[in-house]
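Input: a single structure, listed below in structure tokens.
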Amino acid sequence: MKERTKKKNYAKKRVTPSIYFLLWAAFSAFSLLIVLLFGFMQNIMLKQSYKSEIAYNLAEQGKAIRQELGNYDGRFYSAFVRYLAQRYDVGVYILDADGNVVFPVEEDSETDFTESFDFPEKVTRLMEQLASAENGEVLYEDPSGEYVYGSELIAYVGTEETQTLYLYVFKPLKLVENVTSEMNIRTMLLAIFVLVLSFAVSSAISGVLTKPITEMTQKAKQLARGDFSVDFHGRAYGSEMEQLAETLNFARDEISRSDCMQKELIANVSHDFKTPLTMIKAYASMIQEISGDNPEKRAKHTQVIIDEADRLTSLVNDVLDLSKMRAGIEVLKPEVFDLSEYTRKVLEKFGYLSEKEGYVFAADIENGLYTCADPVKIGEVLYNLIGNAVNYTGEDKKVSVFLGRDPDGNIRFSVTDTGKGIRPEELSTIWDRYYRSAEAHKRPVKGTGLGLSIVKTILERHNFRFGVESVVGKGSTFYVVFPYAVPEEQTKDK
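Encoded structure:
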């Protein structure tokens, strides 16, 4: 119960959002981000643009107002200042050095401009700006939220006495703030609209993109249940999906073939075990019932039992060796050895076939060829390849064995038979477990049927190049390319 609970909890932790949701979320987030970024940048640029425009216009208007005030010699100075303010749509005040409003004034008004507009502080900032000005006029953004144009004015009190006054022209930035606020509201409304629109669009796009994946998932489940007739090709969704469909169909074919081979493997192993076991049981019964007291018959029957037991042992060992090598349990022990001498020794094991069965072994073995590999495993490779050639050679019973240097400096081993050859469509499957040629053969195939699979596994673990060349009706040549190694004696001499 605890293990089941752990598995359930683990499964819950591993739950991830679907591709549909991820595509929708990514598309919606991207769209929303673009809108917000656009609104933010537009807000900044709009504010900057408005401020630049206000600053430029205020500078021109301030200069014009200053010039007109200098040219005016009438008596209604306050009315003229108000006229200029209305005409240029700006605020215009003339101040003294103490920050008091000199013009415009209302004789009947009780309004204190000094308190209302906090002119002492503004005049202080204005005079600070003017102190560093070169042409007697300044333009700056006041902390109170307005752009200010300021300059000095000289007023004549009498015929000789003069008084320094200050022209204070300003333009509030409330318009900019109002426009920015309005733009923010529109940006938020646009963001909401885009979010809704992106939800709909991304949902549709995600549905289109994930539909083939969903279909292939359902077909993959069918394949997992053993339905090898499923076809992953569907409606065209782009070259990537077509490539995925091709790959899945290839995997389906390979799984189907492996499934068939697995069933065939079980059938062959069962048959290979059943036959010797039946023979052992039959001859044991014969010893018990018939030949128990006859030494000659008993010896003959017990020999059959021993041979069949050896056959079982060989089959079990081959299966175990193959399983160990495939699982990587068995560690290779490479060393430098004389491959030429080793090949001759392996070939001598088939000498009895020349004497009893009339086989002809044509050996072309170059002397002094050393390689670095696991000698025991390479011995299995050589024995299995030569044995395979013996089993499938032609009526002339000829097997050719070659070992020599190739143009690249490596060592090439090859064994050639004169049998019926291998059809092109079977070349890719001959290395599989329990593969046997579909061609009928007069002589029974010896061994367990695992020879070429063992050869393939050993050579792949050594990273040696190997293959087969075959012509139907003429025979086959199996080859292995070994790396050349310098003998240890020569290394020590150097």
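Read in order, the letters of the sequence shown are residues -2 to 491 in the numbering used here.
Backbone N, C-alpha and C define an ideal beta-carbon position, used for all residues, glycine too.
It should be emphasised that the depicted structure is a prediction, and the values quoted were computed from it without experimental measurement.
- Residue range 448 to 459 is occupied by the alpha helix (DSSP H) that includes Glu457.
- About 5 Å separates the Cβ atoms of Val301 and Tyr280, confirming a contact at the 8 Å cut-off.
- Scanning its chain for C-beta atoms nearer than 6 Å, with the 5 sequence neighbours on each side dropped, one finds around His459 the residues Ala370, in chain order.
- Taking all protein chains shown into account, Asn381 has 16 or more neighbouring C-beta atoms within 10 Å of its C-beta and is therefore buried.
- Within 10 angstroms of the beta-carbon of Asn388 lie 16 or more other beta-carbons, which makes it buried.
- Here Tyr481 carries a coil assignment [DSSP, helix/strand/coil].
- In terms of CA proximity to Gly470, Arg420 leads the group Arg402, Arg420, Gln58, Leu456.
- The secondary-structure analysis by DSSP pairs Tyr280 with nothing; it has no beta-bridge partner.
- With contact defined as three or more Cβ pairs closer than 8 Å, the region 27 to 46 and the region 58 to 69 are not in contact.
- Boundaries of the alpha helix (DSSP H) harbouring Ala82: 74 to 85, taken from the DSSP string.
- Within 10 angstroms of the beta-carbon of Pro209 lie 16 or more other beta-carbons, which makes it buried.
- For the 8 Å CB-CB criterion, Glu363 and Leu400 form a contact.
- The Cβ atoms of Pro484 and Val333 sit closer than 8 Å to each other.
- The Cβ atoms of Ile91 and Leu55 do not sit closer than 8 Å to each other.
- Taking the CA atoms as reference points, Tyr165 sits about 18 Å from Lys48.
- Taking every protein chain shown into account, the CB of His230 has fewer than 16 other CB atoms within 10 angstroms, so this residue is exposed.
- Tyr144 carries a strand assignment under DSSP once its states are collapsed to helix, strand and coil.
- In this structure the region 239 to 255 lies against the region 204 to 223, because at least three pairs of beta carbons, one per stretch, are closer than 8 Å.
- Across the structure, Asp70 and Gln160 are spaced so that their CA atoms are roughly 16 Å apart.
- Nearest to Phe461 by C-alpha distance, out of Tyr476, Gly448, Val468, Leu449, is Tyr476.
- Counting along the chain, the unbroken alpha helix (DSSP H) around Thr340 starts and ends at 336 to 345.
- For Ala360, same chain residues with a beta-carbon under 7 Å away, outside a window of 5 residues either side, are Leu344, Val398 in chain order.
- Beta-bridge pairing by DSSP links Pro169 to Glu143.
- Secondary structure note for Ile383: its alpha helix (DSSP H) is the uninterrupted segment 372 to 389.
- Tyr367 and Asp335 do touch by the CB rule: their CB atoms are close to 6 Å apart, below 8 Å.
- Per DSSP, Glu466 is one residue of the beta strand (DSSP E) stretching across 462 to 468.
- The criterion of a C-beta distance shorter than 8 Å is not satisfied by Pro331 and Arg308.
- In the three-state reduction of the DSSP assignment, Arg63 falls in the helix class, which pools H, G and I.
- Rounded to the nearest whole angstrom, the C-alpha separation of Gly472 and Gly418 is 4 Å.
- When C-alpha distances from Asn97 are compared across Trp21, Thr340, Ile451, Pro117, the shortest belongs to Pro117.
- Ser253 and Ile451 have their alpha carbons spaced roughly 22 Å apart.
- Per DSSP, Lys271 has no beta-bridge partner at all.
- Per the C-alpha coordinates, the member of Gln219, Phe24, Ile427 positioned closest to Ser200 is Phe24.
- Cα atoms of Arg341 and Glu286: separation of roughly 47 Å, rounded to the nearest angstrom.
- Under the three-state reduction of DSSP output, Phe410 falls in the strand class.
- In the DSSP assignment, Lys353 falls within the unbroken alpha helix (DSSP H) covering 348 to 353.
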